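Comments concern the structure below.
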Amino acid sequence: MSTLKIFLLFLFVLVLFFPTAGQTADAPFDLLITNARVVDGTGNPWVRADVAVKNGRIVKIGRIAPADAKQTIDAKNQILAPGFIDVHAHTENIFNHPEAENFIQMGVTSLVTGNCGGSVTDVEKFLGRYKETPLAINLATLIAHGSVRAKVLGSENRAPTAEELKQMEEIVETAMKNGAVGLSTGLIYVPGTYAKTDEVVSLARVANKYQGIYASHIRNEGEKVFEAITEAINIGEQTGIPVEISHFKISSKKHWGKTNETLGLVRAAREKGLVVTVDQYAYTASSTSLDTILPSWALAGGREEGKKRLADETTREKIVDEIKKTLKDSKFKDFSYANVATYAANRDFNGLNIKEITKRSRGKDKLDVQIDQILEMYAAGGAQMVYHKMNEEDVQNIMREPFTMIASDSGVREFGEGVPHPRGYGNNVRVLGRYVRELKLLTLEDAVRKMTSLPAQTFGLRDRGLIREGFAADLVIFDENRIADRATFENPHQYPIGISSVYVNGTAVFADGKMTGARMGVALRRGEN
């Protein structure tokens with residue numbers, strides 16, 4: 133064969149297998165991901181397939197020619213999964229941090245905010261902010277009982293009048309009409325803690341009328357955890373609303389090892405035909421306000437009223453006695469389990485536990501002195517805390533359950549600010565690295581299901597959570613042999629490793645180790661997505 137013929141044959145092959153820029157521009161697909169092991173979110177074993185995307189949607193799964201796509205990504209034999217859905221977030225301030233980088237770098241592409249009884253009350257205005265401030269992530273919201281109650285009753289410790297309850301119901305109904313995915317409660321927090329069960333039932337009925345869910349930070353996660361779980365289930369039984377118990381745990385040493393019993397309550401409800409699920413973060417510490425150490429009645433009316441109670445010697449003594457009793461009931465000796473995440477009045481306290489702070493500030497660390505320190509910090513504005521009150525065996529038992537979702541209970545993190553809980557940087561990847569790869573507690577496919585299709589189904593996000601034709605192209609590519617969390621309690625501001633790319637509605641928001649700057653997230657409204 134002549135040299136000319138060989139050259140012409142080479143050009144023919146080049147054109148056949150490597151289309152020109154002009155041909156690629158006319159290709160039917162915007163994006164093609166090849167050489168991937170697809171874990172589709174159902175829990176089924178992975179399969180090898182190509183996935184094509186057009187206009188932000190998955191349009192074809194199978195064997196697809198690279199010439200048919202404008203852009204082809206080689207997954208290099210890594211896992212391709214649906215983007216993770218975090219159903220327990222606290223991101224009311226997300227429009228001030230539109231990249232939501234700590235979530236995106238965990239592979240999270242959709243969030244549900246408004247949990248634990250705290251949310252915006254104008255859902256239409258909140259979700260409408262996408263028009264002026266696009267986000268890198270998709271966002272849904274619950275309407276929160278505590279915020280609704282505060283709007284009508286303030287922080288008063290009393291039952292609402294019939295007229296006030298009607299006002300609360302109207303706020304919930306408007307929020308549901310505007311796309312809220314359900315009702316949340318924070319029955320440990322002011323003012324939600326002052327509500328009786330029948331008040332919550334009334335609002336849950338409204339949310340159920342619009343196919344919403346009831347997501348509850350239950351009334352007690354320690355000494356009275358059994359009663360609190362039962363209350364949540366009963367609300368579902370009375371109203372017909374699906375129940376989702378937030379950050380399911382046991383935070384009392386007295387009940388450590390009893391997760392088979394607490395989970396048994398959920399199993400029994402499900403066997404009766406009730407829809408009950410739970411979510412969980414993969415750590416043995418929680419994070420919430422310092423204020424929760426004080427009895428709820430002492431917080432009524434706000435911080436200024438609380439400070440007045442502390443100034444009264446008799447009332448202060450009663451508060452101290454109740455703090456001691458709660459501590460004793462939980463089988464903890466002191467407050468060395470309570471670490472400060474953020475304390476605005478003195479940032480030197482960040483990262484230290486109450487016992488350490490007390491010793492440093494007062495030269496003594498006896499229990500009475502620790503409580504004095506807590507009350508002083510409360511009066512100075514309070515603090516965000518990390519509480520090491522859980523047991524690893526219980527965490528694992530909860531994670532095994534088929535009805536458990538993986539959720540961070542985190543907000544958008546400002547890198548380097550404070551010493552927050554590491555779950556905001558590592559939760560999803562910790563499950564995949566530690567509990568799947570290292571401990572083999574879960575299969576990879578089931579872990580992905582707990583982060584994708586299960587939360588999508590539970591919260592009514594109809595076109596998310598699966599790699600399926602017609603679904604939104606929220607996707608994550610990761611190396612299951614390398615994926616790991618790096619954030620620790622001592623040094624939480626560390627992004628994970630092992631995630632290669634994250635796509636939101638078909639566009640890469642994270643690739644090559646950095647955020648791309650793309651903001652393709654959408655508002656997720658009940659019944660629309």
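Final position of the sequence shown in the working numbering is 661; the numbers increase by one with none missing. For every residue, glycine included, the Cβ atom is placed at its ideal position computed from N, Cα and C. The structure displayed is predicted, hence computed values, not measured ones.
Distance, Cα to Cα, residue i vs residue j?
i: Gly-624; j: Pro-552; result: The question names Gly, but residue 624 is Pro in the sequence shown. Cα-Cα distance, rounded: 6 Å.
i: Arg-479; j: Ala-207; result: 44 Å
i: Ala-197; j: Lys-186; result: 15 Å
i: Gly-239; j: Glu-295; result: 45 Å
i: Asn-270; j: His-349; result: 23 Å
i: Gly-659; j: Ala-339; result: 13 Å
i: His-277; j: Ala-307; result: 11 Å
i: His-229; j: Ala-539; result: 20 Å
i: Tyr-435; j: Gln-516; result: For the sequence presented, residue 435 should be read as Arg rather than Tyr. Their backbone Cα atoms lie some 15 Å apart in a straight line.
i: Pro-323; j: Asn-289; result: 7 Å
i: Ala-477; j: Thr-265; result: 32 Å
i: Leu-499; j: Phe-467; result: 8 Å
i: Asp-120; j: Val-191; result: Here the chain comprises residues numbered 133 to 661, so residue 120 is not present and cannot be evaluated.
i: Phe-547; j: Arg-555; result: 14 Å
i: Ala-153; j: Gly-215; result: Note that Ala-153 has pLDDT 37, beneath the 50 cutoff, so the model's placement of it is unreliable and the number below is only indicative. Answer to the nearest angstrom: the Cα atoms are 30 Å apart.
i: Thr-474; j: Ile-367; result: 35 Å
i: Thr-416; j: Pro-160; result: 49 Å
i: Ala-272; j: Ile-373; result: 18 Å
i: Ala-470; j: Ile-451; result: 18 Å
By Cβ distance below 7 Å, which residues in the same chain neighbour residue i in space, the five residues on each side in sequence not counted?
i: Thr-293; result: none
i: Met-583; result: Phe-216, Ile-217, Ile-538 and Asn-560
i: Gly-175; result: Glu-577, Asp-578 and Arg-581
i: Phe-464; result: Lys-385
Return helix, strand or coil for residue i, following the three-state DSSP convention.
i: Ile-599; result: coil
i: Gly-653; result: coil
i: Ser-428; result: helix
i: His-349; result: strand
i: Ala-153; result: Residue placement at Ala-153 cannot be trusted, given a pLDDT of 37 that sits under 50; the coordinates are not used to answer.
i: Gly-278; result: helix
i: Met-308; result: helix
i: Met-300; result: helix
i: Thr-329; result: helix
i: Glu-355; result: coil
i: Ile-367; result: helix
i: Val-338; result: helix
i: Lys-646; result: strand
i: Arg-402; result: helix
i: Val-634; result: strand
i: Gly-372; result: coil
i: Ser-493; result: helix
Output yes or no for whether 8 Å exceeds the beta carbon distance between residue i and residue j.
i: Gln-626; j: Arg-618; result: yes
i: Glu-612; j: Arg-562; result: no
i: Gly-318; j: Gly-344; result: no
i: Ile-609; j: Gln-210; result: yes
i: Ala-401; j: Val-410; result: no
i: Asn-234; j: Ser-378; result: no
i: Thr-424; j: Ile-320; result: yes
i: Asp-606; j: Thr-166; result: no
i: Ala-291; j: Lys-257; result: no
If I measure Cβ to Cβ from residue i and keep anything under 8 Å in the same chain, skipping five residues before and after, which residues do I get?
i: Leu-297; result: Glu-331 and Ser-334
i: Ala-221; result: Phe-235, Leu-243, Val-244, Thr-245, Asn-247, Ala-539, Ser-540, Asp-541, Ser-542 and Gly-543
Once you ignore the five residues that flank residue i on each side, which residues in its own chain have a CB closer than 6 Å to its CB?
i: Thr-639; result: Ala-650 and Met-652
i: Asp-526; result: Ile-382 and Thr-391
i: Tyr-326; result: Asn-289
i: Arg-261; result: Phe-227
i: Arg-657; result: Gly-311
i: Gln-155; result: Residue placement at Gln-155 is poorly supported in this model, since its pLDDT is 40, which falls under 50; the coordinates still yield a value, given next. Cβ within range, chain order: n/a, list empty.
i: Val-171; result: Trp-178, Ile-211, Ala-213, Glu-577 and Val-580
Go through the segment 510-591 residue by residue and report every complete run of the beta strand (DSSP E) that reaches 3 residues or more, in order. 516-519 and 536-538
What ranges does the alpha helix (DSSP H) occupy inside the segment 441-485, keeping only unbroken runs of at least 4 residues that lie completely in it? 445-461
Enumerated in chain order, which unbroken segments of the alpha helix (DSSP H) with a length of 4 residues or greater are wholly contained in the segment 212-270? 233-236 and 255-259
May I have a chain-ordered list of the beta strand (DSSP E) segments no shorter than 3 residues that lie completely inside the segment 186-215? 189-194, 201-206 and 211-214
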